[in-house]
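Participant:
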Amino acid sequence: MSSRLMEIHDRLLAHFGPQHWWPGDDPFEITVGAILTQNTSWTNVEKAIANLKATGYLSCAGLSSLPLEALAELIRPAGYFNVKARRLSNFLRMVEQQYQGDFAGMLLEDTGILRQRLLGVKGIGPETADSILLYAANRPVFVIDAYTHRILVRHNFIDEDTDYYGMQTLFTDVLPPARHLFNEFHALIVRTGKEFCKKAKPLCNVCPLEGA
DNA sequence: CACCAGGCAAGTA
DNA sequence: TACTTGCATGGT
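Just so you know, we're using this note's numbering here: the first sequence kicks off at 310 and counts up by one.
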């Protein structure tokens, strides 16, 4: 029952310890963060979230009440602010239409149906949808991101052109579908990517995965 | 200064 | 279908 990927998880956990993801207070904040962090450093997202909290409108009804330009201005530090304001708005409209604006109700939806509805929102792709499912709705869905791809390529698990679902099945085929495991594993992969597997530098002579 | 960050959709041929 | 480009701030 012990796969090579499980061994990697164990090594990373031993090296870094629990990551306590997602960094966010509640499911709605986590969902907003998942959209804002697309191709963007988390520190920039934190500034945007802080702005939204300062207005007191960090909720489904609150954000829905803001004009698009006002929302864009508040999330400016997260970058791509016009695009992301539209994406948040698209998401809020889906919650309004499918769940009568009841975000907590949306979180109780069947995983497969919710995933399809999230993917139906312009601006929510596989990674963002799966992040919401795992970290906001606590479903056993494995999240793939750019760090996962880079680490798997550099450690010769996959070819460069392996797509999102190719990577996802690599994990889900051998790991038990446990949300705590998926939560920690993805968080550990991001941590490892940030510290040891940056785009320009190999630097993997000190990577905790060396020799795995 | 150049390069990068926890993507995604739209445009082009 | 398979590539390419636009989106944008802030840290190193």
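For each residue, glycine too, the CB sits at the ideal point set by N, CA and C. Since the model is a prediction, treat every value here as computed from it, not as a measurement.
1) In whole angstroms, what is the alpha-carbon distance linking PHE415 and HIS464?
2) Does the contact criterion of 3 or more C-beta pairs under 8 Å hold for the segment 478-494 versus the segment 371-380?
3) Three-state secondary structure (DSSP) at THR420?
4) At the level of alpha carbons, what is the spacing between TRP330 and GLU378?
5) Looking at TYR456 and LYS501, is the spacing between their C-beta atoms short of 9 Å?
6) Determine whether the beta carbon atoms of ILE384 and ALA357 lie at a separation below 9 Å.
7) Which value, in whole angstroms, describes the spacing of the CA atoms of TYR389 and SER312?
8) Can you look up THR457 in the DSSP assignment and give me helix, strand or coil?
9) Would you call the segment 329-344 in contact with the segment 430-442, where contact means no fewer than 3 C-beta pairs closer than 8 Å?
10) Using only alpha-carbon positions, find the residue among PHE466, ALA496, ASP470, PRO449 that is nearest to LEU321.
11) Using three-state DSSP, classify LYS503 as helix, strand or coil.
12) In this structure, how does DSSP classify LEU329 when only helix, strand and coil are distinguished?
13) Going by DSSP in three states, PRO435 sits in which element: helix, strand or coil?
14) Taking the C-alpha atoms as reference points, what is the distance between ALA381 and LYS362?
15) Give the straight-line distance between the Cα atoms of ASN391 and PHE494, rounded to the nearest whole angstrom.
16) By the 10 Å Cβ neighbour count, where 16 or more other Cβ atoms means buried, how is ASN348 classified, buried or exposed?
17) I believe CYS369 touches LEU401 by the beta-carbon criterion, under 8 Å. Please report the beta-carbon distance rounded to the nearest angstrom.
18) Whole angstroms are fine: how far does the CA of LYS503 sit from the CA of ILE422?
19) Measure the C-alpha to C-alpha separation of VAL404 and LYS393 and round it to an integer number of angstroms.
20) Apart from the five residues just before and just after HIS318, which ones in its own chain have a Cβ nearer than 6 Å to its Cβ?
21) By Cβ distance below 8 Å, which residues in the same chain neighbour PHE325 in space, the five residues on each side in sequence not counted?
22) By how many angstroms is the C-alpha of TYR366 removed from the C-alpha of PHE466?
Facilitator: The relevant details are as follows:
1) Reading the first sequence from its first residue, position 106 is the one you call residue 415. Reading the first sequence from its first residue, position 155 is the one you call residue 464. The sequence given here has Met at residue 415, not Phe. If I take the Cα positions, the gap works out to 38 Å.
2) no
3) Looking up residue 420 in the first sequence gives position 111. In this structure, THR420 counts as helix in the three-state DSSP scheme.
4) Here residue 330 refers to the residue found at position 21 of the first sequence. Here residue 378 refers to the residue found at position 69 of the first sequence. So the two alpha carbons sit approximately 31 Å from each other.
5) For the purposes of this step, residue 501 is taken as the residue at position 192 of the first sequence. For the purposes of this step, residue 456 is taken as the residue at position 147 of the first sequence. Contrary to the premise, residue 501 reads as Thr rather than Lys in this sequence. The answer is yes: Cβ separation under 9 Å.
6) For the purposes of this step, residue 384 is taken as the residue at position 75 of the first sequence. For the purposes of this step, residue 357 is taken as the residue at position 48 of the first sequence. Yes, the Cβ-Cβ distance between ILE384 and ALA357 is below 9 Å.
7) Looking up residue 389 in the first sequence gives position 80. Looking up residue 312 in the first sequence gives position 3. Answer to the nearest angstrom: the Cα atoms are 40 Å apart.
8) Residue numbering aside, residue 457 sits at position 148 when the first sequence is read from its first letter. THR457 falls in the helix class under three-state DSSP.
9) yes
10) Counted from its first residue, the first sequence places residue 321 at position 12. Nearest option by C-alpha distance: ALA496.
11) Stepping through the first sequence from its first residue, residue 503 is reached at position 194. Helix at LYS503.
12) Within the first sequence, residue 329 is the residue found at index 20, counting from 1. One detail in the question is off: residue 329 reads as His in this sequence, not Leu. HIS329: coil per DSSP, three-state reduction.
13) Numbered from its first residue, the first sequence carries residue 435 at position 126. Helix, per DSSP.
14) Locating residue 381 in the first sequence gives position 72, where the first residue counts as 1. Locating residue 362 in the first sequence gives position 53, where the first residue counts as 1. Between ALA381 and LYS362, the C-alpha separation is close to 14 Å.
15) Position 82 of the first sequence, counting from 1, holds the residue named residue 391. Position 185 of the first sequence, counting from 1, holds the residue named residue 494. Each residue's alpha carbon lies about 32 Å from the other.
16) Numbered from its first residue, the first sequence carries residue 348 at position 39. ASN348 should be labelled exposed.
17) As a working note, residue 369 is residue 60 in the first sequence. As a working note, residue 401 is residue 92 in the first sequence. 6 Å between Cβ atoms; contact.
18) By one-based count along the first sequence, residue 422 stands at place 113. By one-based count along the first sequence, residue 503 stands at place 194. Each residue's Cα considered, the two are about 33 Å apart.
19) Along the first sequence, one-based indexing puts residue 404 at 95. Along the first sequence, one-based indexing puts residue 393 at 84. Cα to Cα, the separation comes out at about 17 Å.
20) Translated into positions along the first sequence, residue 318 becomes position 9. Excluding positions up to five away in sequence, the list reads PHE494.
21) For this step, residue 325 is matched to residue 16 along the first sequence. These residues qualify, in order along the chain: LEU497, ARG500, THR501, PRO517.
22) Against the first sequence, residue 466 aligns to sequence position 157. Against the first sequence, residue 366 aligns to sequence position 57. PHE466 and TYR366: Cα-Cα distance of roughly 44 Å.
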